[in-house]
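Colleague:
Residue numbers (full-length UniProt numbering): 1 to 175.
#1: Give the C-beta separation of residue 116 and residue 148 to the nearest angstrom, bearing in mind that I take them to be a contact with Cβ-Cβ under 8 angstroms.
#2: Give every residue of the same chain whose Cβ lies closer than 7 angstroms to the Cβ of residue 59, excluding the five residues on either side of it in the sequence, and list them in chain order.
#3: To the nearest whole angstrom, what separates the beta carbons of residue 120 and residue 37, a pair I think is in contact under 8 angstroms?
#4: Pull up the CB-CB distance for residue 151 and residue 62, whole angstroms please, since I reckon it's below 8 angstroms.
#5: Using the C-alpha atoms, what's the distance from residue 95 back to residue 106?
#6: Count the other CB atoms, across all protein chains shown, that sit within 10 Å of the CB of residue 208; report buried if there are 16 or more and exposed otherwise.
#7: What distance in whole Å lies between the Cβ atoms of residue 111 and residue 88, which are believed to be in contact at a cut-off of 8 angstroms?
#8: Here's the rule I'm using: 16 or more other beta-carbon atoms within 10 Å means buried, otherwise exposed. How should residue 47 be labelled?
#9: Are the beta-carbon atoms belonging to residue 108 and residue 22 less than 8 angstroms from one another?
#10: Check whether the Cβ atoms of residue 166 and residue 16 lie closer than 8 angstroms to each other.
#11: Excluding five sequence neighbours on each side, which residues of the same chain lie with their C-beta closer than 8 angstroms to the C-beta of residue 80?
#12: Do you know how far the Cα of residue 118 is from the Cα of residue 78?
#13: Starting from residue 46, trace the alpha helix (DSSP H) both ways and give me its first and last residue.
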């Protein structure tokens, strides 16, 4: 028995029947919908309730994260698009041409997060161009969060349907 066989006999590479995959999916979407443009959403609620310094803290955090995100995109946007496109295409080919379940699972995690990334860039550009502050900024962050939550719901639904299909098709022992 070689080292690869030993590793794959210990680690189950069947992603959709693995509890850890589903935990990772839930944690990923929970975290993604809580951190809106890198700002925890409870800061938005606190700024709405208390105003003053809480509002200023929110505006500062959003300004820092928006500037950081847009600077990365302005400096390395072409490289990021190239690498992400290559990775997603590779996962799609491995997953749906060569039927590697692990690649399918990673693609079902990564593809929606790519959409979230694009939505984040759009929201960041909108916030910067409008110079949003106060209620307008909170509204933009709430809008962004709702879009992310819809993407998450669709993603979890599609992943669950595909996972059930794979589990019913492949069977419990991988045959």
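C-beta atoms are modelled at their ideal positions from N, C-alpha and C, and glycine is treated no differently. Source: prediction; values computed, not measured.
Modeller: Concretely, from the data shown:
#1: 6 angstroms
#2: Sequence-distant partners of residue 59 (beyond 5 residues in either direction) whose C-beta falls short of 7 angstroms from its own C-beta, in its chain, are 133, 137.
#3: 6 angstroms
#4: Contact flag wrong, Cβ pair sits at about 20 angstroms.
#5: 9 angstroms
#6: Nothing about residue 208 can be read from this structure; the chain reaches only from 1 to 175.
#7: 6 angstroms
#8: buried
#9: no
#10: yes
#11: Its chain contains 72, 73 as the residues whose beta carbon lies nearer than 8 angstroms to that of residue 80, once the 5 sequence neighbours on both sides are disregarded; these appear in chain order.
#12: 13 angstroms
#13: 41-50
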